[in-house]
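Everything below concerns the one structure shown next.
Numbering (the numbering used here), first residue to last: 16 to 214.
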């Protein structure tokens with residue numbers, strides 16, 4: 016049984032790596048950018064971008080956020096193909112194997128949908144984890160809803176404390192961040208809405 020699960024996990028990781036490589040290459044070429052230009056716009060080295068495009072690297076979510084922001088695209092479009100129309104149940108527990116930095120787990124509950132302009136993630140911050148995010152493209156709004164635990168969100172230079180069941184909306188096109196100063200993991204849903212001009 017463990018061998019089957021390991022094989023399934025390996026196949027999912029391989030598919031995710033191939034999707035990431037193709038999505039990054041396609042977006043860079045659509046913009047008409049060289050790897051040098053993409054590196055300058057994203058803050059990610061040319062060597063790392065080349066490795067990702069060849070499927071030789073599994074970057075952290077922090078690196079993927081930089082790439083998505085620099086290329087003007089959604090994070091989930093790098094993680095998996097666009098959502099198909101219709102009703103499709105998704106289980107966060109099965110999606111948490113996405114590349115994440117130490118201290119953070121990411122589950123793309125609903126990948127970016129160009130029709131609606133949003134994507135929804137379940138994020139889990141382990142105790143003492145802090146993530147500072149670069150601004151997204153102009154007009155992006157973020158909505159945060161705490162599901163379990165407590166976290167703080169950096170908005171307009173100040174940390175705002177949120178507990179279970181509390182929510183916050185803020186401009187995602189400015190510097191912002193998330194941190195967990197508690198002793199237990201903080202789990203929250205993060206809806207990111209992109210303006211029509213970026214779809």
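Note that the Cβ used here is the ideal one computed from N, Cα and C, for glycine as well.
Counted within 10 angstroms of its Cβ, other Cβ atoms place residue i as buried (16 or more) or exposed
i, result
"residue 78", "buried"
"residue 81", "buried"
"residue 150", "exposed"
"residue 157", "buried"
"residue 37", "exposed"
"residue 54", "buried"
Neighbourhood of residue i by C-beta distance below 6 Å, restricted to the same chain and skipping five residues each side
i, result
"residue 39", "67, 68"
"residue 85", "56, 57"
For residue j and residue i, the rounded distance between their alpha carbons
i, j, result
"residue 185", "residue 207", "10 Å"
"residue 166", "residue 122", "18 Å"
"residue 47", "residue 131", "27 Å"
"residue 144", "residue 183", "19 Å"
"residue 198", "residue 44", "45 Å"
"residue 175", "residue 193", "9 Å"
"residue 52", "residue 148", "21 Å"
"residue 141", "residue 191", "18 Å"
"residue 152", "residue 93", "16 Å"
Close beta carbons around residue i, own chain, < 8 Å, minus the five adjacent residues each side
i, result
"residue 161", "177, 178, 179, 180, 181, 182, 201, 202, 203"
Beta bridge counterpart(s) of residue i as assigned by DSSP
i, result
"residue 195", "Partner(s): none; residue 195 has no beta bridge."
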